[in-house]
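Report on one structure; see the data block that follows.
6 protein chains.
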Amino acid sequence: MHLSEATWTDAADAETDLALLPVGSTEQHGPHAPLGTDVETAKAVADAAGDAYDGEVVVAPSIPVGIAEEHRQFSGTLWVSPDTFRSYVRETVASLASHGWDRVVVVNGHGGNVPALGEVCETISRHDAAYAVPFTWFEGVGEHRSDMGHGGPLETALLRHVAPDLVREDRIEDAREGAAPRWGEWVSRVNLAVDSAEFTENGVVGDPGEGSRERGEELLALASAALVELLEAIEARDLGALGR
Amino acid sequence: MHLSEATWTDAADAETDLALLPVGSTEQHGPHAPLGTDVETAKAVADAAGDAYDGEVVVAPSIPVGIAEEHRQFSGTLWVSPDTFRSYVRETVASLASHGWDRVVVVNGHGGNVPALGEVCETISRHDAAYAVPFTWFEGVGEHRSDMGHGGPLETALLRHVAPDLVREDRIEDAREGAAPRWGEWVSRVNLAVDSAEFTENGVVGDPGEGSRERGEELLALASAALVELLEAIEARDLGALGR
Amino acid sequence: MHLSEATWTDAADAETDLALLPVGSTEQHGPHAPLGTDVETAKAVADAAGDAYDGEVVVAPSIPVGIAEEHRQFSGTLWVSPDTFRSYVRETVASLASHGWDRVVVVNGHGGNVPALGEVCETISRHDAAYAVPFTWFEGVGEHRSDMGHGGPLETALLRHVAPDLVREDRIEDAREGAAPRWGEWVSRVNLAVDSAEFTENGVVGDPGEGSRERGEELLALASAALVELLEAIEARDLGALGR
Amino acid sequence: MHLSEATWTDAADAETDLALLPVGSTEQHGPHAPLGTDVETAKAVADAAGDAYDGEVVVAPSIPVGIAEEHRQFSGTLWVSPDTFRSYVRETVASLASHGWDRVVVVNGHGGNVPALGEVCETISRHDAAYAVPFTWFEGVGEHRSDMGHGGPLETALLRHVAPDLVREDRIEDAREGAAPRWGEWVSRVNLAVDSAEFTENGVVGDPGEGSRERGEELLALASAALVELLEAIEARDLGALGR
Amino acid sequence: MHLSEATWTDAADAETDLALLPVGSTEQHGPHAPLGTDVETAKAVADAAGDAYDGEVVVAPSIPVGIAEEHRQFSGTLWVSPDTFRSYVRETVASLASHGWDRVVVVNGHGGNVPALGEVCETISRHDAAYAVPFTWFEGVGEHRSDMGHGGPLETALLRHVAPDLVREDRIEDAREGAAPRWGEWVSRVNLAVDSAEFTENGVVGDPGEGSRERGEELLALASAALVELLEAIEARDLGALGR
Amino acid sequence: MHLSEATWTDAADAETDLALLPVGSTEQHGPHAPLGTDVETAKAVADAAGDAYDGEVVVAPSIPVGIAEEHRQFSGTLWVSPDTFRSYVRETVASLASHGWDRVVVVNGHGGNVPALGEVCETISRHDAAYAVPFTWFEGVGEHRSDMGHGGPLETALLRHVAPDLVREDRIEDAREGAAPRWGEWVSRVNLAVDSAEFTENGVVGDPGEGSRERGEELLALASAALVELLEAIEARDLGALGR
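Here the protein sequences line up with chains A, B, C, D, E and F, keeping their order.
The working numbering numbers the first residue of the first sequence as 198 and each following residue consecutively.
The working numbering numbers the first residue of the second sequence as 198 and each following residue consecutively.
The working numbering numbers the first residue of the third sequence as 198 and each following residue consecutively.
The working numbering numbers the first residue of the fourth sequence as 198 and each following residue consecutively.
The working numbering numbers the first residue of the fifth sequence as 198 and each following residue consecutively.
The working numbering numbers the first residue of the sixth sequence as 198 and each following residue consecutively.
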């Protein structure tokens, strides 16, 4: 059930304690992919998993602005502070839980959100009346994972599958030419770069040419299957261990 | 230009200092209208005005969860605290302004957001590097305004025009029967009710039967025209008076 | 019972759950009316209603500094941020409630406080051990309401009745000459002005010459009667609906 | 110049950078002295010093609710948290300073406010555009100081001088009988008591019978003279040492 | 039991509700004494008292950075804001209390921490599941107290006893020559100085030459005896008065 | 230069802009290793690197309490909230930077601190007058990294080398028997466990028997060499890219 489209009476009829909360980011994804890439992909994975799960799952509306200050030099990038982002997610989850949907997966499409989502989900699970975990879709795609980049093979592939009109095919060549081979500037496993503009000229990391539509289809299948498996485990999990 | 769909290179090419930030709420709108009504309507008005305005306007992604705790007893209603909502809007506006789009209209679809948006826009205009004002679409529809209600004539009408599939026509009769004639319980012009559940049984205020698609078309025309006029005034306004 | 003048033993004897908390502002009111106008008037209305109410009502000391940054260009105007103001009111109400006076009317004399008081009273009523509502005196004066202005007819009239020495009669002429006809600069029902100095030269809105002492007497009678009616309704109100 | 009674035009004419901000507390002072004692006395000292100082001094309105949770068991005691109190004082001082009155003495009537005022004045002087120091009147009365108590000799004496009607003479005997000889329960110079109710039955510490009107007159003279001397030193002080 | 050196299984075996939390400061103490003086001394007193107390006491690790902005002009001085310091202490105490050690003495070595520790311990005792009091070691040394200074007789003496290698004996002469005779610049019992650099050239107050090792030995004996007495009183204290 | 032991005059003489801030945690490390393990190890690595680096480096005192609520069920574990931890680190770094040491490595000994340190260092580098990066020692030990565990091979080894007295050799057998093979309970690469007590009986993860003193010596050499390399890179780095 998509909450945005349901009425409150539909919502009241939903018999489940599972909810998905897609969160993304509005930020540069190179010259060829839209600023909304991370919302689009998070939503696509949440939708696919919601459909595939054998049982009712509430899908909340997608949170469009996340933690993306690292891309601030690229026009159109929006961001809020980690504190504000955590509060926004935490309180939204609390309102979901108030209706009985108190096992929540935050379905994430943006690497920059990962640490804050880990923190806020732990806070929720320990101190609020809900259990929450984050799921970042490109962590759930098996071997493809190592190819992530930024605006690179995986995101381009998934977009080509779920929102092909948003990919500027005529700029793919530019995108790969200005791309950085890897994220960050590393010494002793520490990234010395503060912003992405320090290491990528056009905002891209990795080769978007490696992101075919077919690969996108596979990525969606893998990620949504991983999320379904996660939903099953959460539904089955005994939360008594948390002292509830 | 819709930011979610544009690339950063498109955004960098935009020659404007005007931006629209749609904000809504995910909350009960009776048995006949979707929980996402206030996002849908805010977005529709922002889009229409962005199209009609003679010049470039950046349209940011819509913020889906607002201040709606007053509807908490109705299933599916989501909300954040006023503090968190203000921070989320303020920081999003600041990131818009960082790219040069520093004259921002927050296009609002929800009455419960109005006081907080007034406050945060004043804070932004006085203390941040941007000028922001809130525009609530149903304030910009002339005489229709007095008919607002909740899930009532105006919202039902506008939805029938912009998202007819989301209106449950077969529940309109139920909706009008359980509706309250007016918002709140008033003594000496003070509303004694804390939550909407204290005065409306099914969440509706006003008669959704009075909300035809034709009326919705007129509402969109009126609201978007008012917003265009506002954009023109803001574009022309000398902000030197703020001591910048 | 005026708390400032009572002893704690008197307070312990008070058999009521009703309290009034006057809040004002210290801010410009033109060349003819004192900076303390909004405190003086709020206190006068609270006192009159406390006297007129048939039963015990605790009257707390008046909070003198509110939300008035909009008048910052006029010398002597004091203000705190909305966050600080809400905290100060909320915690003061909580301490009133700790003594059993947990039905509280915040009696307000300043338009700039209205949104923040609405928000904080809702927060108190939903989340704290008290029920609170705001009452702004010039909302409770019937048809006079439309004449409000700033340092205009209503405030000048009420001051002439309750604190005539504080009105500079010899500057009334100056006051009306430099006055603005209305508050704000409006386009599409949105006020584009951030500060009052953008639209009023001497800080006045409306004609203070229209504010006779007799009118002030009537205003006090109307406002205090409205407040008494509100107290009666609050005393009688079943708060079980809040789930207490 | 008393800000509450002045107009903004009067305030604009004031040629000074000195301001006094009286702060008190609304809290139990035994069965014989009013809850407003600390506001009344702070205001009296500020007024007397303002009159006696040879030059213009702006006197701000008195802040009536301070840090008094230690008296929470006694009816009528009001309090806010130290954080809120500091914010309220800091922001009020900032608005005073915005008009050029940037050397501010916070004139305090309540022991419980002392640590927080020390902290906030240091914060202001180091980080804001103002210089502020706290002056607690009963610290400026020479040898009398050791007699302070609570609702005891000094406060009773000063009240008898400045507000005799507020002292319940017929309860003085009760007051002294239930009084504690000293404040707190001490081991190794640490006060183990958290609240005053742990060591005083009726809220009084010290013998109010030792507080004659004549003594009150002397206290006011001493305290206001000390405050005048402080104003002179502050006016003369070179603040360049703060790096301004 | 020193928590840092114990294992969790040792900790689980501890049968006590008493804990000591040493807090210091890293700040200038003249040319002869180390920046860590206040941590070293607080720890020494806590250790000695922990050893001398007839029963089990948990000694937590020492908090090394406190409230010391007043020394900011002297190189090496570290500080956090009072808000952050209070939160750090409060939450650390809460975690101690979660293991059953809910009667806590914060053993303090720095004057600048005193007001904030008083405030946070009251907050803890009133609102958290613990009882906490602050003990500042140089308050517990009888008549020596009046000699405190800064980097002066008492601190130099105690260091010579507990950490003689950290005292630069060859700079004592310099230290006394550049020392100020007293702390602050006082008018009407108000300190007009904001930072210590305004009244001491080399950071020292008082004569470190008056601080022999023998005196240090006596100071440690006095302070730890006072702390043991405090622990005994706290262990015996009935906390029912707090309404637990 | 160790700040705790240096005087301010020594500090003023230091010619460097490099500082190390060790941060640890006081938390369970099984029945055989001390609660202070993460402080001890962070400090050892910082000290070794400070010694090995060819140039001056300021070493700040170690922060002993971090983010460790996940171990709350094990006695003796202390923790503060992520917000408080970030503030404590951020403000400490700001005071380091105020003395010219504005290139700071936070040397970390605890996995639970990693996300918060990443966030706060980015905040510092973008918004404060300093550049800061986190270095977690067990990330800098090459292939050993995969053996980390908790109270397992690496920490036991390093302790045996730097603080052998703190390792309870007679409990190693118990430690390995009750140990979990890996950290967490994973589904779709998401850890479903909220606290460590959900998956480890005695708090240990990995086999401490695999942690010989010799291995500890090698770990210290590897980690400190990696940190030295990091210091060299930071010293050489052009921070102009941050727009300073």
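Using N, Cα and C, we set each Cβ at its ideal position, and we do this for glycine too.
What are the partner residues of residue i, as DSSP defines its beta bridges?
| i | result |
| --- | --- |
| H199/A | V256/A |
| N305/E | V220/E and T333/E |
| V402/A | H347/A and A377/A |
| W383/A | N388/A |
Would you say residue i lies against chain F (beta-carbon separation less than 7 Å)?
| i | result |
| --- | --- |
| R441/A | Reliability of the predicted coordinates at R441/A is poor, the pLDDT of 47 falling under 50, and the value obtained from them is presented with this limitation in mind. No, no contact with chain F. |
| R287/A | no |
| S201/E | yes |
Return the first residue and the last residue of the alpha helix (DSSP H) that residue i is part of.
| i | result |
| --- | --- |
| T289/C | P279 to S295 |
| P312/E | V311 to H324 |
| H358/B | P350 to V359 |
| L389/F | Here L389/F belongs to no alpha helix (DSSP H), and DSSP marks it neither H nor E. |
| W276/E | That residue, W276/E, is in no alpha helix (DSSP H); it is neither H nor E in DSSP. |
| D367/E | Taken as a continuous stretch (DSSP letters only), D367/E belongs to no alpha helix (DSSP H), as it is neither H nor E. |
| E415/F | R410 to A433 |
| G247/E | T234 to A249 |
Can you pull the chain C neighbours of residue i, defined as C-beta to C-beta under 7 Å?
| i | result |
| --- | --- |
| G348/B | In chain order: nothing, as chain C lies at least about 21 Å away. |
| V391/B | E319, S322, R323 and L439 |
Return no unless some Cβ of chain E is closer than 7 Å to the Cβ of residue i.
| i | result |
| --- | --- |
| V338/F | no |
| P279/D | yes |
| P312/D | yes |
| A433/F | no |
| G315/F | no |
Comparing the C-beta of residue i with each C-beta of chain B, is any distance below 7 Å?
| i | result |
| --- | --- |
| F332/C | yes |
Run down chain A in chain order and give the residues with a C-beta less than 7 Å from the C-beta of residue i.
| i | result |
| --- | --- |
| H296/B | S272 and G273 |
Below 7 Å on C-beta distance, what does residue i contact in chain E?
| i | result |
| --- | --- |
| R386/D | E336 and G337 |
Would residue i count as contacting chain C if we go by Cβ distances under 7 Å?
| i | result |
| --- | --- |
| G247/B | no |
| E400/B | Residue 400/B is actually Gly in this sequence, not Glu. For G400/B, the answer is no, since every Cβ of chain C falls outside 7 Å of its Cβ. |
Give the interface partners of residue i over in chain E, defined as CB-CB distance under 8 Å, in chain order.
| i | result |
| --- | --- |
| A423/D | S385 and R386 |
| E266/D | E319 and R323 |
Residues of chain B with CB closer than 8 Å to the CB of residue i, please, in chain order.
| i | result |
| --- | --- |
| V254/A | Near V254/A there are no residues of chain B at all, since even the closest Cβ is about 14 Å away, more than 8 Å. |
| R269/A | S292 and S295 |
Less than 6 Å separating the Cβ of residue i from some heavy atom of the ligand FMN?
| i | result |
| --- | --- |
| G309/A | Judged by which ligands are present, the structure shown has none, so any question about the ligand FMN falls away. |
For a contact meaning CB atoms closer than 8 Å, what does residue i contact in chain C?
| i | result |
| --- | --- |
| L427/B | V384, S385 and V387 |
| A230/D | T204 |
Verify the CB distance criterion: does residue i have a CB-CB separation below 7 Å to chain A?
| i | result |
| --- | --- |
| P261/B | yes |
| P361/B | no |
Counting only Cβ pairs nearer than 8 Å, list the residues of chain A close to residue i.
| i | result |
| --- | --- |
| A211/F | Neighbours of A211/F on chain A: none; closest Cβ ~23 Å, over 8 Å. |
Along chain E, which residues have their Cβ under 9 Å away from the Cβ of residue i?
| i | result |
| --- | --- |
| V236/F | S201 and P258 |
Is there a C-beta anywhere in chain D that falls below 7 Å from the one on residue i?
| i | result |
| --- | --- |
| T353/C | no |
Would you mind telling me which residues of chain B sit closer than 7 Å to residue i, beta carbon to beta carbon, in chain order?
| i | result |
| --- | --- |
| A430/C | V384 and L389 |
> Would you call the segment 395-410 of chain A and the segment 306-317 of chain A in contact, with 3 or more CB pairs under 8 Å?
Replying inline: Contact between the segment 395-410 of chain A and the segment 306-317 of chain A is absent: fewer than three C-beta pairs spanning the two stretches fall below 8 Å.
> Any chance the segment 358-377 of chain A sits against the segment 223-232 of chain A, with 3 or more Cβ pairs inside 8 Å?
Replying inline: Yes: the two stretches touch, three or more of their Cβ pairs being nearer than 8 Å.
> Are three or more beta carbon pairs between the segment 198-207 of chain E and the segment 268-280 of chain D nearer than 8 Å?
Replying inline: Here the segment 198-207 of chain E makes no contact with the segment 268-280 of chain D; the two share fewer than three CB pairs at distances below 8 Å.
> Would you call the segment 314-329 of chain C and the segment 348-362 of chain C touching, i.e. three or more CB-CB distances under 8 Å?
Replying inline: Inter-segment contact for the segment 314-329 of chain C and the segment 348-362 of chain C is absent: fewer than three beta-carbon pairs are separated by less than 8 Å.
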